[in-house]
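So the structure is just underneath, and the comments pick up after that.
There are 2 protein chains.
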Amino acid sequence: MVQKRSKPPAAKPEAVAPKRRGRPRAYQPEIALGKALDLFRKDGFAATSLDDLSAATGMNRPSLYGAFGDKRELYIKSYQRYRADARAAMVDIFRDQLPIRQRLERIYAAALDIYLSGEAGPRGCFTVMTAASEAVADPDIRKLVLEGFSELDKAFAACFRLAKENGELPESADPVVLAQLASATIHTIAIRARAQVPRRELEAIVKGALDVMVPAKP
Amino acid sequence: MVQKRSKPPAAKPEAVAPKRRGRPRAYQPEIALGKALDLFRKDGFAATSLDDLSAATGMNRPSLYGAFGDKRELYIKSYQRYRADARAAMVDIFRDQLPIRQRLERIYAAALDIYLSGEAGPRGCFTVMTAASEAVADPDIRKLVLEGFSELDKAFAACFRLAKENGELPESADPVVLAQLASATIHTIAIRARAQVPRRELEAIVKGALDVMVPAKP
DNA sequence: TGATTTTTATACTGTTCCGCATAATATAAA
DNA sequence: TTTATATTATGCGGAACAGTATAAAAATCA
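Residue numbers (my numbering), protein chains in the order written: chain A, 1 to 218; chain B, 1001 to 1218.
Structure, rendered in structure tokens:
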């Protein structure tokens, strides 16, 4: 692929009106992908049919194929969108300068918001759902899921490492071990959320875990 | 249902040869249920067809229906069998008198044996899998899953309570909070196992969690 | 032997599924 | 206008699916 097309003189970076050639799209890819993600999060891969996806996105099946590929590719793109959304919801918390306890509290609150959202009941964590289903037989999907786990572990470890440098944690604290506990807490509330354990109980689990991981401030 | 049948004088408790009336069964229900469980654990409810189940159990579909009911009932019976098996694998560990650290080590080792078993790769925890899929839309199944979570939480809490009584834990230790952490550790290794994280890494997670939950013995 | 009972074996029904082929439609370029 | 292009709309085809109806088989009982 040397030239993008024939004309566009490689000038403006696709400003506002790309002036596409044929019949205009009747859908917005980002919105449609969001709808697909909603469905997949609710019902999982196997129980979500292309007809369901077609109805939810407002796109008919050929358009779905044209835009996203087959069902598996759409699932993968939905999952990547989920990860991007989750990252976006967390990035401020990881960037702001905060005491470790507060930072963790905000992370878990944001996680619970994600896990408990959904019109037809809480939907849990899509990474966990995918690990429990498609990741077993599909190596590509498995790789993404492992990335998801690893990303979270590393983010938590960075938090604890920073807190230790700031003297918020005892010298004996091991950031990696604490990060694994923090991830485990994420996983347990994600799973329980999906079984419709009420938010109050999940918050109690988080509080108990925090009291063990970081010194509570009285 | 007043009388069981017509003849059997309510004497012997079904010794060995019940002398059933019609054509003898070509299958053993317990073995068939085990095969069904194996399949469900591997592929989940939606991705397991009755043809698959028929092939795995050696029973044709009408026999499956006669013995276990429809697919959903078979899934529920498989899940209950899973719980019974898991309980049986753990009961000794909970009964024996052991230092808390050793007891937990044995529990996690047994759990990993369950989660990592499977000819076609590790299959994780069926309770977690079910929570992630069927428990959302099916209240009966959800109830079973919540029971499963609760049973584990309570068993762990009993362990920690006993350890505290024995002076193995500081007075400040909260058995319920520790139990939630212990369950969280179960959940995280169950999920990661399903994504084929190697046993060594899972054991490292367990060790880290144990070092936080109970004093390591040097 | 013949009747009864229980299970197995075969095959059918209607539905749902995924993916695609074909045709219609709406835009830009010539 | 005409042509080229990109999308939408309709619907087909073959496979897989869950559940069941019907008939054959294998045992006990009379």
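Every residue, glycine too, gets a C-beta built ideally from N, C-alpha and C.
- According to the DSSP assignment, B/M1090 belongs to the alpha helix (DSSP H) that extends over 1071-1095.
- Here B/A1157 carries a helix assignment [DSSP, helix/strand/coil].
- Close to chain B, meaning a Cβ-Cβ distance shorter than 7 Å, are the following residues of the segment 138-166 of chain A: R142, V145, L146, F149.
- A/V91 counts as exposed, since fewer than 16 other C-beta atoms from the protein chains shown sit within 10 angstroms of its C-beta.
- Proximity of the segment 124-133 of chain A to the segment 177-195 of chain A meets the contact definition, three or more beta-carbon pairs being nearer than 8 Å.
- In the three-state scheme derived from DSSP, where H, G and I count as helix and E and B as strand, B/F1045 is classed as coil.
- Inclusion of B/A1179 and B/A1163 in the CB contact set at 9 Å is not warranted, their separation being larger than that value.
- In terms of beta-carbon proximity, B/A1109 stays away from the interface with chain A, with every pair separated by 9 Å or more.
- Interface annotation, B/A1088: not in contact with chain A, CB-CB separation never under 9 Å.
- In this chain, the alpha helix (DSSP H) harbouring A/P175 covers 175-194.
- At a cut-off of 9 Å between C-beta atoms, B/V1177 counts as an interface residue with respect to chain A.
- Taking 9 Å as the CB threshold, B/A1046 lines the interface with chain A.
- DSSP, reduced to helix, strand and coil, places B/E1119 outside both helices and strands of the structure shown, so it counts as coil.
- With respect to the 9 Å criterion, A/S78 and A/L144 are not classified as neighbours on the basis of their beta carbons.
- Between B/S1172 and the set B/I1205, B/A1036, B/M1213, B/A1209, the nearest pair of CA atoms involves B/M1213.
- Taking 9 Å as the CB threshold, A/G208 lines the interface with chain B.
- Proximity of chain B to A/S183 at the Cβ level (cut-off 8 Å) is accounted for by T1188, in chain order.
- B/T1188 and A/D52 have their C-alpha atoms some 32 Å from each other.
- Three or more Cβ pairs drawn from the segment 79-90 of chain A and the segment 106-116 of chain A lie within less than 8 Å of each other, which places the two stretches in contact.
- For B/S1133, the secondary structure class from DSSP, reduced to helix, strand or coil, is coil.
- Interface with chain B (9 Å Cβ-Cβ cutoff): A/M59 is excluded.
- The shortest CA-to-CA distance from A/V128 to any of A/D140, A/E30, A/F149 is the one to A/F149.
- Taking one beta carbon from each stretch, the segment 1093-1104 of chain B and the segment 1054-1069 of chain B have fewer than 3 pairs nearer than 8 Å; the two do not touch.
- In the DSSP assignment, B/K1207 falls within the unbroken alpha helix (DSSP H) covering 1199-1213.
- Chain order gives the chain B residues near A/Q180 as T1185, T1188, A1204, I1205, G1208, A1209, where near means a beta carbon separation below 9 Å.
- When the beta-carbon positions are compared, A/P215 and A/R101 come within less than 9 Å of each other.
- For B/A1026, the three-state secondary structure derived from DSSP is coil.
- For A/L64, the enclosing alpha helix (DSSP H) starts and ends at 61-68.
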